[in-house]
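Structure, as structure tokens:
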Amino acid sequence: MDKHLYKSGLPFSSVLELNIHDLCKRVHKKKASLIIVDGMIGEGKTTLAVEIADEINKFHKQPPIIFHEQLGIGGEEFQERLRVCYYKKLHSVIYDESGDFNRRGALTKFNASLNRTFETYRALKIIPILCLPAFYVLDKDLFYKGIPRLLLHVSDRGDKQGNFSGYPLSQLLYLKHRIENAIAKPIIYNYVPPLFYGHFKDLEGSRSRELEKYSIRGKLEILGKTEAQTSGLETARGISVMFGMGLRTIKRYISELSLKPAKIIRRTHYFERTQIAAIEEHIASAREK
Amino acid sequence: MVDFDNDATVGTPPLDLVRILILQRHYDVLEALELYFKQKYNGQEMNIGLLRARMITLFYQLQAVLKRKLKETNKNKKTEYQILFEQVSNEGEVLEEDILSAFETINTLLDDLHLTRFDTKLNIRSASAVVQDKARGYG
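Sequence lines, in order, name chains R and L.
With this note's numbering, the residue at position 206 of the first sequence is 206, and numbering never jumps.
With this note's numbering, the residue at position 81 of the second sequence is 370, and numbering never jumps.
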């Protein structure tokens, strides 16, 4: 028997298959369906999310997912992937490391754009799968709109399989309320009984390695971006906000000054402080003229 | 029991008072039934009088509702209400079976009216999150 599959021929308990199929049927009625996979670091959230996405593809008679098409690490990549999925008529997209879409940043432009995405994506008949360590950091608007339909809490991963518990929206709201008022938050998962429990196995060898490689690449990019921001580097967009000018004007000034970016991360150019000061001088001289 | 001498009763909606009165009459019948069967199984002389009297009281307490709800006719063209009336308030000898049959009819009606129904908790036997949410109004 394949050690990556159960007797049912699935990589996870069949109760999850039932739920995924129901959500697929729901999304075809143009109703929003979002799956959240939460759990501590290293519990297998991304693995389970990939298996779910594979099952959604299988439901639509499509091959297993290709990571660079259906797996986005971070919000920006997720939005790109969502677009790709729409054009390629794929029905699921994974938003890994979705902790950047949290309520602390509720007023940021990024969160607002993601909120708008979640309000409108239902028309695309796509099921997004969010992976993050704690679901309750997500923007509350999402819950008020009834967009998340299934929470899978992943915990106590063993050598042979991982475990998950499933909560529908109605229980998710109770869980959220209780967790928000608790001091020791993870213990609350024991107090609100889930609708179902289940297990899942690891991906098949080569695929698992491919996912790990892909995931590390994404995490390195996030690290790079964080590093760039903490070391005072700024993008052209950031500089335009800083000086209250249009992005196109700032880009023109950068080319006039022939500035070379100090760092390039995922095609985004970062400039250091001395270069920003040069742009500022250029703006001042342009105003004098 | 509803206390008509209590000032608080004046402020209670009549609907609530009537419900309590019905439940009280229902309980009285159960009490009389217990007494009757106690006598029966102890081998004592049985007296159906109390049980019959309490059934009549319950019947008249519910009379208007019974008349309205029990309209189905049998092959003798008698309505359920008429049959119940005969079972309860027959001038002649009333049998134990008649009383029990009448009580069954009234019990069913009280359950239909949600007056004695208590198993109202939503219990959906499905492991599907979509089905569970739909039943709870999150369709």
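We put the CB at the ideal spot given by N, CA and C, even for glycine.
Kindly list the residues whose CB is nearer than 8 Å to the CB of residue i, restricted to its own chain and excluding five residues on each side of it in sequence; keep chain order.
i, result
"L:K360", "T368, E369, Y370"
"R:P128", "L34, I35, F78, L82, S92, V93, I94, Y95, F118, Y121"
"L:L398", "L351, V354, L355, K358, L359"
"R:E221", "I73, G74, I265, R266"
"R:R26", "S33, R149"
"R:K30", "R122, A123, K125"
"R:Q62", "L90, H91"
Per DSSP, what kind of secondary structure is residue i in: helix, strand or coil?
i, result
"R:H269", "strand"
"R:R149", "strand"
"R:Y95", "strand"
"R:F164", "strand"
"R:V84", "helix"
"R:T226", "helix"
"R:H60", "coil"
"R:D38", "strand"
"R:F118", "helix"
"L:Y325", "helix"
"R:K176", "helix"
"R:G198", "strand"
"L:T362", "strand"
"R:S155", "strand"
"L:E385", "helix"
"R:L211", "helix"
"L:P303", "helix"
"R:F12", "strand"
"R:E234", "strand"
"L:I345", "helix"
"R:P128", "strand"
"L:L339", "helix"
"R:I73", "strand"
Starting from the beta carbon of residue i, find every residue of chain R whose beta carbon is closer than 7 Å, and list them in chain order.
i, result
"L:R425", "S170"
Using a Cβ cut-off of 8 Å, pull out every chain L residue sitting near residue i, in sequence order please.
i, result
"R:V192", "Near R:V192 there are no residues of chain L at all, since even the closest Cβ is about 14 Å away, more than 8 Å."
"R:R26", "V419"
For residue i, return the contacting residues in chain R, with the cut-off set at a CB-CB distance below 8 Å.
i, result
"L:A418", "N19, D22, L23, R149, L150, G166, Y167, P168, L169, L195"
"L:D422", "R149, P168, L169, S170"
Just the chain L side, please: which residues come within less than 7 Å of residue i by C-beta, in chain order?
i, result
"R:G218", "Result: empty, since nearest Cβ-Cβ is about 28 Å, beyond 7 Å."
"R:V15", "A416"
"R:G146", "Y427"
What does the alpha-carbon distance come out to for the pair residue i and residue j?
i, j, result
"L:R341", "L:N365", "25 Å"
"R:R287", "R:K260", "24 Å"
"R:D159", "R:S13", "17 Å"
"R:R116", "R:A184", "32 Å"
"R:A262", "R:H68", "27 Å"
"R:Y189", "L:D317", "47 Å"
"R:E272", "R:G232", "7 Å"
"R:L124", "R:G244", "36 Å"
"R:Y6", "R:L16", "13 Å"
"R:L257", "R:S285", "13 Å"
Could you work out which residues of chain L lie near residue i, taking near to mean beta carbons separated by less than 9 Å?
i, result
"R:G39", "Result: empty, since nearest Cβ-Cβ is about 18 Å, beyond 9 Å."
"R:G224", "Those within 9 Å of R:G224 in chain L number zero; the least Cβ separation is about 38 Å."
Take residue i and list the residues in its own chain whose beta-carbon comes closer than 6 Å to its own, dropping the five residues that flank it on each side.
i, result
"L:L373", "A391, T394"
"R:Y214", "F67"
"R:G224", "I265"
"L:L425", "For the record, residue 425 of chain L in the displayed sequence is Arg; it is not Leu. Closer than 6 Å at Cβ, skipping near neighbours: no residue."
"L:D400", "R406"
"R:N130", "Sequence inspection shows Leu at residue 130 of chain R; the Asn mentioned does not correspond to that position. I36, Y95, S98."
Once you ignore the five residues that flank residue i on each side, which residues in its own chain have a CB closer than 7 Å to its CB?
i, result
"R:G236", "Residue identity differs from the one stated: residue 236 of chain R is Ala in this sequence, not Gly. The answer, listed in chain order, is L247, I250, K251, I254, H269."
"L:V291", "T298, L306, I309, L310"
"R:P148", "L34, I36, L142, L169, L172"
"R:D100", "G74, G75"
"R:V84", "E69"
"L:I413", "V420, Q421, A424"
"L:T362", "T368"
Does the beta-carbon of residue i, which I'm using as the reference point, lie nearer than 7 Å to any heavy atom of the ligand MG?
i, result
"L:I413", "Judged by which ligands are present, the structure shown has none, so any question about the ligand MG falls away."
Counting only C-beta atoms, is residue i closer than 8 Å to chain A at any point?
i, result
"L:N363", "In the displayed structure, chain A is absent; the protein chains listed are R and L."
Does the stretch 412–422 of chain L come close enough to the stretch 15–26 of chain R that 3 or more CB-CB pairs lie under 8 Å?
-> Yes: the two stretches touch, three or more of their Cβ pairs being nearer than 8 Å.
Segment contact flag, the stretch 52–64 of chain R with the stretch 175–187 of chain R, C-beta cutoff 8 Å, min 3 pairs = no
Would you check if the stretch 126–139 of chain R and the stretch 31–38 of chain R touch, i.e. whether three or more CB-CB distances between them fall below 8 Å?
-> As far as the Cβ criterion goes, the stretch 31–38 of chain R touches the stretch 126–139 of chain R, which means the pair count is three or higher.
Given 8 Å as the limit, is there contact between the stretch 188–205 of chain R and the stretch 234–245 of chain R, that is, 3 or more CB pairs closer than that?
-> no
Answer yes if the stretch 399–408 of chain L comes into contact with the stretch 303–317 of chain L, meaning at least three C-beta pairs across the two stretches below 8 Å, and no otherwise.
-> yes
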